[in-house]
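Take any residue in the sequence shown, count from 1 to its spot, add 13: that is its number in this note's numbering. Working notes, beginning with the structure itself.
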Amino acid sequence: MESQGIRRKIVILGHSGFLGAGLYENFLKDSDFNTQGFSSAQIDLSLQESIPKLHNFVDRNTSVVMAASALAKNKDFSSFRKEIDMFINLADPNLISKIGHLIYVSSTAIYGRSSDSFITELSLPRPYNLYGLAKFIG
(Lines of atoms letter the chains of each structure in order from A and count residues from 1; the text may use other names and numbers.)
(Lines give C-alpha, C1' and ligand atoms only; values in the text may rest on other atoms or scores of the structure.)
Protein backbone atom coordinates (compact mmCIF):
# COMPACT_ATOMS: atom_id res chain seq x y z
CA MET A 1 0.00 0.00 0.00
CA GLU A 2 2.95 2.29 -0.55
CA SER A 3 2.29 5.55 -2.32
CA GLN A 4 5.28 6.95 -4.20
CA GLY A 5 7.69 5.01 -1.96
CA ILE A 6 6.30 6.45 1.28
CA ARG A 7 5.06 4.03 3.92
CA ARG A 8 1.66 4.99 5.33
CA LYS A 9 1.66 5.66 9.04
CA ILE A 10 -0.94 4.12 11.32
CA VAL A 11 -1.49 5.33 14.88
CA ILE A 12 -3.73 3.11 17.01
CA LEU A 13 -5.17 4.88 20.06
CA GLY A 14 -6.18 2.23 22.58
CA HIS A 15 -3.71 -0.30 21.19
CA SER A 16 -3.81 -2.45 24.33
CA GLY A 17 -7.60 -2.78 24.40
CA PHE A 18 -9.94 -5.44 23.04
CA LEU A 19 -10.18 -4.21 19.44
CA GLY A 20 -7.08 -2.02 19.35
CA ALA A 21 -4.71 -4.86 20.27
CA GLY A 22 -5.77 -6.99 17.31
CA LEU A 23 -5.50 -4.08 14.89
CA TYR A 24 -2.12 -3.10 16.29
CA GLU A 25 -0.68 -6.62 15.98
CA ASN A 26 -1.92 -7.01 12.40
CA PHE A 27 -0.56 -3.66 11.25
CA LEU A 28 2.81 -4.39 12.91
CA LYS A 29 3.11 -7.51 10.72
CA ASP A 30 2.49 -5.52 7.52
CA SER A 31 5.73 -3.94 6.31
CA ASP A 32 3.76 -1.48 4.17
CA PHE A 33 2.83 0.44 7.32
CA ASN A 34 4.79 2.31 9.94
CA THR A 35 2.67 1.49 13.00
CA GLN A 36 2.60 3.23 16.38
CA GLY A 37 0.26 2.40 19.26
CA PHE A 38 -0.68 4.25 22.42
CA SER A 39 -2.59 3.32 25.55
CA SER A 40 -4.00 5.67 28.17
CA ALA A 41 -0.86 5.09 30.26
CA GLN A 42 1.17 6.72 27.47
CA ILE A 43 -1.28 9.40 26.28
CA ASP A 44 -4.37 10.13 28.36
CA LEU A 45 -6.74 11.45 25.71
CA SER A 46 -9.15 12.70 28.38
CA LEU A 47 -6.60 15.35 29.38
CA GLN A 48 -6.34 18.23 26.93
CA GLU A 49 -2.70 18.80 27.86
CA SER A 50 -1.85 15.28 26.61
CA ILE A 51 -3.01 15.93 23.04
CA PRO A 52 0.15 17.80 21.92
CA LYS A 53 2.09 14.54 22.46
CA LEU A 54 0.27 13.12 19.43
CA HIS A 55 1.52 15.94 17.19
CA ASN A 56 4.96 14.29 17.09
CA PHE A 57 3.53 11.11 15.57
CA VAL A 58 1.05 12.36 12.96
CA ASP A 59 1.10 14.08 9.60
CA ARG A 60 -0.98 14.08 6.39
CA ASN A 61 0.37 10.57 5.67
CA THR A 62 -1.10 9.22 8.93
CA SER A 63 -4.31 7.32 9.58
CA VAL A 64 -5.37 7.47 13.22
CA VAL A 65 -7.60 4.69 14.56
CA MET A 66 -9.54 5.74 17.66
CA ALA A 67 -10.16 2.45 19.48
CA ALA A 68 -9.69 3.80 23.01
CA SER A 69 -12.55 3.72 25.50
CA ALA A 70 -12.76 4.95 29.06
CA LEU A 71 -15.94 2.89 29.49
CA ALA A 72 -14.39 -0.49 28.71
CA LYS A 73 -13.84 -1.31 32.39
CA ASN A 74 -16.05 1.08 34.35
CA LYS A 75 -19.46 2.03 33.05
CA ASP A 76 -20.15 4.81 35.54
CA PHE A 77 -20.84 8.49 34.93
CA SER A 78 -17.25 9.52 35.70
CA SER A 79 -15.96 7.19 32.95
CA PHE A 80 -18.71 8.45 30.61
CA ARG A 81 -17.50 12.02 31.15
CA LYS A 82 -13.91 10.92 30.55
CA GLU A 83 -14.98 9.26 27.28
CA ILE A 84 -16.67 12.47 26.09
CA ASP A 85 -13.55 14.47 27.03
CA MET A 86 -11.50 12.08 24.87
CA PHE A 87 -13.67 12.83 21.82
CA ILE A 88 -13.59 16.57 22.43
CA ASN A 89 -9.81 16.61 22.89
CA LEU A 90 -9.19 14.42 19.85
CA ALA A 91 -11.24 16.87 17.76
CA ASP A 92 -8.65 19.59 18.47
CA PRO A 93 -8.38 21.54 15.18
CA ASN A 94 -4.58 21.70 15.39
CA LEU A 95 -4.42 17.90 15.56
CA ILE A 96 -7.21 17.04 13.12
CA SER A 97 -5.75 19.35 10.46
CA LYS A 98 -2.45 17.44 10.60
CA ILE A 99 -3.73 13.89 10.05
CA GLY A 100 -4.76 12.20 6.82
CA HIS A 101 -7.60 10.02 8.12
CA LEU A 102 -9.40 9.48 11.42
CA ILE A 103 -11.16 6.14 11.87
CA TYR A 104 -13.49 6.00 14.85
CA VAL A 105 -14.34 2.57 16.25
CA SER A 106 -17.95 2.74 17.39
CA SER A 107 -20.30 -0.01 18.55
CA THR A 108 -23.64 -1.58 17.76
CA ALA A 109 -24.54 -0.55 21.33
CA ILE A 110 -25.70 2.78 19.89
CA TYR A 111 -28.71 0.95 18.43
CA GLY A 112 -29.81 -0.46 21.77
CA ARG A 113 -31.44 -3.77 22.46
CA SER A 114 -33.74 -4.64 19.63
CA SER A 115 -35.48 -7.70 18.32
CA ASP A 116 -34.33 -6.66 14.84
CA SER A 117 -31.48 -8.89 13.77
CA PHE A 118 -30.20 -6.51 11.10
CA ILE A 119 -28.85 -3.00 11.43
CA THR A 120 -29.22 -0.90 8.30
CA GLU A 121 -28.78 2.73 7.28
CA LEU A 122 -32.39 3.25 8.39
CA SER A 123 -31.86 1.87 11.91
CA LEU A 124 -32.36 4.55 14.54
CA PRO A 125 -29.91 5.00 17.40
CA ARG A 126 -31.41 4.00 20.76
CA PRO A 127 -28.51 3.64 23.18
CA TYR A 128 -29.62 1.97 26.40
CA ASN A 129 -26.53 2.55 28.55
CA LEU A 130 -23.69 5.06 29.02
CA TYR A 131 -21.36 3.06 26.78
CA GLY A 132 -23.81 3.15 23.86
CA LEU A 133 -24.60 6.81 24.48
CA ALA A 134 -20.90 7.74 24.52
CA LYS A 135 -20.25 5.87 21.27
CA PHE A 136 -23.25 7.62 19.70
CA ILE A 137 -22.01 11.05 20.82
CA GLY A 138 -18.49 10.28 19.57
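From the three backbone atoms N, C-alpha and C, an ideal C-beta is built for every residue, glycine too.
As a quick exercise: from Leu32, Ser29, Ile150, pick the residue whose alpha carbon is nearest that of Phe93. Position 80 of the sequence shown, counted from the first residue, corresponds to residue 93. If you compare the alpha carbons of Leu32, Ser29, Ile150 with that of Phe93, the shortest gap goes to Ile150.
Go through its chain and collect everything with a Cβ distance to Ala122's Cβ below 8 Å, but skip five positions before and after it. Along the sequence shown, read from residue 1 onward, the residue named residue 122 stands at position 109. Cβ within range, chain order: Pro140, Tyr141, Asn142, Tyr144, Gly145, Lys148.
Indicate the three-state DSSP secondary structure (helix, strand or coil) for Leu67 in the structure shown. Residue 67 sits at position 54 when you count from the first residue of the sequence shown. Leu67: helix per DSSP, three-state reduction.
Within 8 Å, strictly: CB atoms of Asn74 and Lys22: Taking the first residue of the sequence shown as position 1, residue 74 is located at position 61. Taking the first residue of the sequence shown as position 1, residue 22 is located at position 9. Closer than 8 Å, so yes.
Presumed contact (8 Å Cβ cut-off) between Val118 and Leu58, rounded CB distance: Counting from one through the sequence shown, the residue named residue 118 turns up at place 105. Counting from one through the sequence shown, the residue named residue 58 turns up at place 45. About 13 Å separates the two Cβ atoms, so there is no contact after all.
Could you pull the start and end residues of the beta strand (DSSP E) that Ser44 belongs to? For the purposes of this step, residue 44 is taken as the residue at position 31 of the sequence shown. DSSP places Ser44 in no beta strand (DSSP E); its state is neither H nor E.
C-beta atoms of Leu36 and Val78 nearer than 8 Å: Residue numbering aside, residue 36 sits at position 23 when the sequence shown is read from its first letter. Residue numbering aside, residue 78 sits at position 65 when the sequence shown is read from its first letter. Against a cut-off of 8 Å, the Cβ pair of Val78 and Leu36 comes out as a contact.
Integer-rounded CB distance, given that Ala83 should sit under 8 Å from Leu26: As a working note, residue 26 is residue 13 in the sequence shown. As a working note, residue 83 is residue 70 in the sequence shown. That pair is no contact at about 12 Å.
Classify Phe131 as helix, strand or coil using the three-state DSSP reduction. Residue mapping note: residue 131 aligns to position 118 of the sequence shown, counting from 1. In the three-state DSSP reduction, Phe131 falls in the coil class, being neither helix nor strand.
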